[in-house]
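Okay, structure first, notes after.
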Amino acid sequence: MVVTRFAPSPTGYLHIGGLRTALYNYLWARKNGGEFKLRIEDTDLSRNSAEATKKIIEAFEWVGMDYDGEPVYQSDRFDLYKSYILKLLDEGKAYKCYMTKEELDKLREEQMARKERPRYDGRYRDFTGTPPEGVEPVIRIKAPLEGEIVFEDGIKGTITIKASEVDDFIIARSDGTPTYNFVVAIDDALMGMTDVIRGDDHLYNTPKQIIVYEALGFRLPRFYHVPMILGPDGKKLSKRHGATDVMEYKAQGFLPEALLNFLVRLGWSHGDQEIFTLEEMLEHFDPSDINASASQYNPDKLLWLNAHYIKNSSNERLAKLLEDFGLYLLSHDKREILLDIFKERCKTVKEIAEQIKEVLETPENYDEKAIKKAMKGNAAEILEAFAQKIETAGELHLPTDYHALMEAFVSEMEIGFGKIGMPLRVALIGRLGGPDLSDVMSIVGKEETLLRIRRLLDFIETSNASS
Ligand code: GLU
0 MVVTRFAPSP TGYLHIGGLR TALYNYLWAR KNGGEFKLRI EDTDLSRNSA
50 EATKKIIEAF EWVGMDYDGE PVYQSDRFDL YKSYILKLLD EGKAYKCYMT
100 KEELDKLREE QMARKERPRY DGRYRDFTGT PPEGVEPVIR IKAPLEGEIV
150 FEDGIKGTIT IKASEVDDFI IARSDGTPTY NFVVAIDDAL MGMTDVIRGD
200 DHLYNTPKQI IVYEALGFRL PRFYHVPMIL GPDGKKLSKR HGATDVMEYK
250 AQGFLPEALL NFLVRLGWSH GDQEIFTLEE MLEHFDPSDI NASASQYNPD
300 KLLWLNAHYI KNSSNERLAK LLEDFGLYLL SHDKREILLD IFKERCKTVK
350 EIAEQIKEVL ETPENYDEKA IKKAMKGNAA EILEAFAQKI ETAGELHLPT
400 DYHALMEAFV SEMEIGFGKI GMPLRVALIG RLGGPDLSDV MSIVGKEETL
450 LRIRRLLDFI ETSNASS
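Here numbering that gives the first Met the number 0 is used: the first residue of the sequence shown is 0, the next is one more, and so on.
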């Protein structure tokens, strides 16, 4: 059975690097019919907040990543950690160290002066004398004095650390609280982890955790340390590169499956396949195939994937998602045509909302450059003539009705399409560009089309009169 976990420290929002780590663990557990657990590493009470935990769980819900059982909170487990500290003390595998801060600082200075790496010198390791008075001891674990700590990393290969590189590190502070590497090892062991996939910023915590595993006689999991995500500039990914909070992607109009697809490929590949449904990820994902070198964040690729998933979403789903962006189409009579058009053109749900609003709302003002370009010469007269053409035409409903009308108009007037196209565009949506004009007219209807044309003509007349 495969058991994996995601173990965030709730110090802020869930960032995309964290979500990628979670996804890899999730896929590996689900692929193997195993379990995926969530552990909240909230022992640092000064830096952690319940609010941050809530946000992490919210982000999990948004992407649809389900975990097994209830989240485990380290802050609920202090008694458990304490019992293991006592056990190690009892067995002589850990000891009390009475060194004061001043003594430690002095030792460090001396070591630095000798150009040695600062490390605890083990002076209380075999201490049997009378402890100094007034010093609350810390508890240190006995690290091996010689040899090497060796483990196989599923991504980076064999990792070898000389015993001399790891000192007898603190497992409980003088106030009794346990330290990070100690509790992580205990939790991973007791929660039954078989595979630990995490960021490679933890690579050098692993030897310390292995010392804890061995002292307590726990079985080691397999470790996979995932290289980090770099920004498009090759530097560490940060807020500078845009949104890093997972929920910010939702606010920007990304679909969760696009974000997951993007993240799975950021550091892992299967041939040159780019698009992965969840089923395909489950079929092909293996943490041993994660790239050993860092991957680079490419915002255009995310947009490209999002456009793909938007195109393939049902109009009903999109209509529901659009409500977050203030657009209510669920029971709109033009819902299908609107969404058929805009899901082909837009890369985010937010963009769909903006562009549809632009069509549905009578323009409040006009793009100045567009007016200059479109309303040259006799453009106003042509537009007026087109308005009359619409008024005298019979029933107009479908885009093809409007298209036929425009064709008839340009051939009667003996003008190019652009001569009516440009002014009409400005009248309808206030700017150049945008969707097909016949579509827009069909969506807003004959009356509204006429209203928009007349508004632009009035605007032009007023501005001519005042200039
Ligand atoms: N809590 C750690 C973090 O947020 C993760 C620890 C781990 O995965 O072992 O970076």
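Positions of the beta carbon are idealized from the N, C-alpha and C atoms, including for glycine.
Let me know if Asn260 comes out buried or exposed under the rule of 16 or more other beta-carbons within 10 Å of its beta-carbon.
-> The residue you call residue 260 lines up with position 261 of the sequence shown. With 16 or more Cβ atoms within 10 Å of its Cβ, Asn260 is classed as buried.
Distance CB(His224)-CB(Asp244) smaller than 7 angstroms | Residue mapping note: residue 224 aligns to position 225 of the sequence shown, counting from 1. Residue mapping note: residue 244 aligns to position 245 of the sequence shown, counting from 1. For His224 and Asp244, no; Cβs fall outside 7 angstroms.
Say the cut is 6 angstroms; is the CB of Ala426 nearer than that to a heavy atom of the ligand GLU?
-> Taking the first residue of the sequence shown as 1, we reach residue 426 at position 427. No, the beta carbon of Ala426 sits no closer than 6 angstroms to any heavy atom of the ligand GLU.
Span of the alpha helix (DSSP H), counted from its first residue to its last, around Asp104 | The count along the sequence shown starts at 1 and reaches residue 104 at position 105. From DSSP, the alpha helix (DSSP H) with Asp104 extends over 100 to 112.
Is the beta carbon of Val149 within less than 6 angstroms of some heavy atom of the ligand GLU?
-> Numbered from its first residue, the sequence shown carries residue 149 at position 150. Val149 has its CB no nearer than 6 angstroms to any heavy atom of the ligand GLU.
Anticipated Cβ contact below 8 angstroms, Leu404 with Leu423, distance rounded | Walking along the sequence shown from the start, residue 404 turns up at place 405. Walking along the sequence shown from the start, residue 423 turns up at place 424. In fact, because the Cβ distance is near 11 angstroms, the residues do not count as touching under 8 angstroms.
By a C-beta neighbour count over all protein chains shown, 10 Å radius and 16 as the cutoff for buried, is Lys356 buried or exposed?
-> Here the question's residue 356 lines up with position 357 in the sequence shown. Exposed: under 16 other Cβ atoms inside 10 Å.
Does DSSP put Phe416 in a helix, a strand or coil?
-> Counting from one through the sequence shown, the residue named residue 416 turns up at place 417. Here Phe416 carries a helix assignment [DSSP, helix/strand/coil].
Rounded to the nearest angstrom, how far is the Cβ of Trp27 from that of Phe284, given a contact under 8 angstroms?
-> On the sequence shown, residue 27 is found 28 positions in, with the first residue counted as 1. On the sequence shown, residue 284 is found 285 positions in, with the first residue counted as 1. Contact flag correct, Cβ pair sits at about 7 angstroms.
Specify, as a first and last residue, the run of the beta strand (DSSP E) that Glu34 falls within.
-> Taking the first residue of the sequence shown as position 1, residue 34 is located at position 35. Glu34 -> beta strand (DSSP E) spans 34 to 39.
May I ask you to check if the CB of Ala49 is nearer than 6 angstroms to at least one heavy atom of the ligand GLU?
-> Counting from one through the sequence shown, the residue named residue 49 turns up at place 50. For Ala49, the CB stays at least 6 angstroms from every heavy atom of the ligand GLU.
What's the gap between the Cα of Lys489 and the Cα of Leu321?
-> Any answer about residue 489 is impossible in this case: the structure gives the chain only from 0 up to 466.
C-alpha distance - Ser163 paired with Asp152, whole-angstrom precision = The residue labelled residue 163 in the question sits at position 164 within the sequence shown. The residue labelled residue 152 in the question sits at position 153 within the sequence shown. So the alpha carbons of these two residues sit roughly 21 angstroms apart.
For Asp65, which three-state DSSP category applies?
-> Position 66 of the sequence shown, counting from 1, holds the residue named residue 65. It is coil, neither helix nor strand.
Closest residue to Glu335 among Ser441, Thr178, Pro286 (Cα-Cα distance) | As a position in the sequence shown, residue 335 is number 336, starting the count at 1. If we check each option's Cα against that of Glu335, Ser441 comes out closest.
Leaving out five residues on either side along the sequence, give the residues of the same chain with a beta carbon under 6 angstroms from the beta carbon of Tyr119.
-> What you label residue 119 is simply residue 120 of the sequence shown in a count that begins at 1. If we look at Tyr119 and ignore the five residues flanking it on each side, its Cβ neighbours are Asp166, Asp167.
C-beta atoms of Leu431 and Ala369 nearer than 7 angstroms | Mapped onto the sequence shown, residue 431 falls at position 432. Mapped onto the sequence shown, residue 369 falls at position 370. A contact, by the Cβ cut-off of 7 angstroms.
So which of Ile209, Leu229, Met227, Ile228 has the shortest CA-CA distance to Pro220?
-> If you number the sequence shown from 1, residue 220 lands on position 221. Distances from the CA of Pro220 to each of Ile209, Leu229, Met227, Ile228 were compared; the closest alpha carbon is that of Ile209.
Looking at His201 and the ligand GLU, is the gap between the Cβ and the nearest heavy atom below 6 angstroms?
-> The residue you call residue 201 lines up with position 202 of the sequence shown. Within the chosen limit of 6 angstroms, the ligand GLU reaches the beta carbon of His201 through at least one heavy atom.
Buried or exposed (CB count within 10 angstroms, at least 16 for buried), Thr129 = Within the sequence shown, the letter at position 130 stands for residue 129. Under the 10 Å beta carbon count, Thr129 is surrounded by fewer than 16 other beta carbons and is classified as exposed.
Taking contact to mean at least 3 C-beta pairs separated by less than 8 angstroms, is the segment 103 to 115 in contact with the segment 62 to 82?
-> They do not touch, by the three-pair rule.
Could you give the uninterrupted runs of the beta strand (DSSP E) lying entirely in the segment 167 to 209, keeping only those of 3 residues or more?
-> List check, beta strand (DSSP E) in window: 169 to 171, 194 to 198.
Considering only the beta carbon of each residue, do Asn305 and Thr361 sit closer than 7 angstroms?
-> As a first step, residue 305 is located in the sequence shown; it is residue number 306 there, counting from the start. As a first step, residue 361 is located in the sequence shown; it is residue number 362 there, counting from the start. No.
Of the listed residues Glu413, Glu394, Lys161, nearest to Tyr468 (C-alpha basis) | Residue 468 lies beyond the range of the chain shown here (0 to 466); nothing can be said about it.
From the DSSP output, which residues share a beta bridge with Arg451?
-> Here residue 451 refers to the residue found at position 452 when the sequence shown is read from its first residue. Per DSSP, none; premise fails for Arg451.
Taking all protein chains shown into account, decide if Met0 is buried (16 or more other Cβ within 10 angstroms of its Cβ) or exposed.
-> Residue 0 sits at position 1 when you count from the first residue of the sequence shown. Its Cβ having fewer than 16 others within 10 Å, Met0 is exposed.
Do Val183 and the ligand MG come close, with the Cβ less than 6 angstroms from some heavy atom?
-> With respect to the ligand MG, the structure shown offers nothing to examine, as its ligands consist of the ligand GLU.
Report all residues from its chain with a CB closer than 6 angstroms to the CB of His469; omit the five preceding and five following residues, and keep chain order.
-> The structure shown does not extend to residue 469, since the chain spans only 0 to 466, so no value can be given for it.
How many Å lie between Glu383 and Asp457 at the Cα?
-> The count along the sequence shown starts at 1 and reaches residue 383 at position 384. The count along the sequence shown starts at 1 and reaches residue 457 at position 458. The C-alpha of Asp457 is placed about 11 angstroms away from the C-alpha of Glu383.
Backbone CA spacing between Arg76 and Asn297 [nearest angstrom] = As a working mapping, residue 76 is identified with position 77 in the sequence shown. As a working mapping, residue 297 is identified with position 298 in the sequence shown. Rounded to the nearest angstrom, the two C-alpha atoms are 40 angstroms apart.
Beta strand (DSSP E) segment containing Gly156, residue limits | Here residue 156 corresponds to residue number 157 of the sequence shown, with the count starting at 1. Looking at the DSSP string, the run of the beta strand (DSSP E) that includes Gly156 is 156 to 161.
What three-state label does DSSP hand Phe5 in the structure shown?
-> As a first step, residue 5 is located in the sequence shown; it is residue number 6 there, counting from the start. In the three-state reduction of the DSSP assignment, Phe5 falls in the strand class, which pools E and B.
Limits of the unbroken alpha helix (DSSP H) element including Lys342 = As a first step, residue 342 is located in the sequence shown; it is residue number 343 there, counting from the start. Element bounds for Lys342: 334 to 344.
For Ala258, which three-state DSSP category applies?
-> Sequence index remark: in the sequence shown, residue 258 carries index 259 (1-based). The sequence shown places Leu at residue 258, rather than the Ala named in the question. Residue state, collapsed to three classes: helix.
DSSP state of Arg29 mapped onto helix, strand, coil = Your numbering for residue 29 matches position 30 in the sequence shown. Three-state result, Arg29: helix.
For Gly156, does the count of other Cβ atoms within 10 angstroms reach 16, so buried, or fall short, so exposed?
-> One-based indexing of the sequence shown puts residue 156 at position 157. Counting the other CB atoms within 10 Å of its CB gives Gly156 a total below 16, which places it among the exposed residues.
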